[in-house]
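Engineer: In UniProt numbering, the protein residues as written are 1 to 100.
Cβ coordinates follow ideal geometry from the N, Cα and C atoms, glycine included.
What you are looking at is a predicted structure, and each value in this text was computed from that prediction instead of being measured.
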Amino acid sequence: MAGVLAIYGLVAAVLIAYDIDASNKGYSPTNGYLDLGCGICVGLTGLASGYAIGVVGDACVRECVQQQKLYIGMVLILIFCEVIGLYGLIVGLMLSTKKN
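#1: Which residue from V4, V14 and G3 puts its Cα closest to that of T97?
#2: Output needed for A2: all residues of its chain with C-beta closer than 7 Å, excluding positions within five of it in sequence on either side, in chain order.
#3: Grouping DSSP H, G and I as helix and E and B as strand, with all else coil, what is I20?
#4: For G88, does the three-state DSSP call read helix, strand or coil?
#5: Measuring CB to CB, does V91 end up less than 8 Å from C41?
#6: Is it buried or exposed, D58, if we count other Cβ atoms within 10 angstroms and call 16 or more buried?
#7: Go ahead and label I16 buried or exposed: buried means 16 or more other beta carbons lie within 10 angstroms of its beta carbon, across all protein chains shown.
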């Protein structure tokens, strides 16, 4: 599950790198700040999501050994933790495509 967060970061990095061009019109500060916001948004939500997956996964796996009924609840909580990173990617894509 946590490997998907790296793919989100890769998608954002490719979009940011694709927008940078060396043409005569240059790279405006507005576009730079939007790309910075995109990278920070995807990166920090990926960090928070990965941390949550680690903490919840560790605690739930230890408890699932003793109580088998907790497995479905653990999977649902891990999905909710993963969605944090997905929301960051969506906001990052919105920031990246908002350029003039």
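Structural biologist: By the coordinates alone:
#1: V14
#2: G50 and I53
#3: coil
#4: helix
#5: yes
#6: exposed
#7: buried
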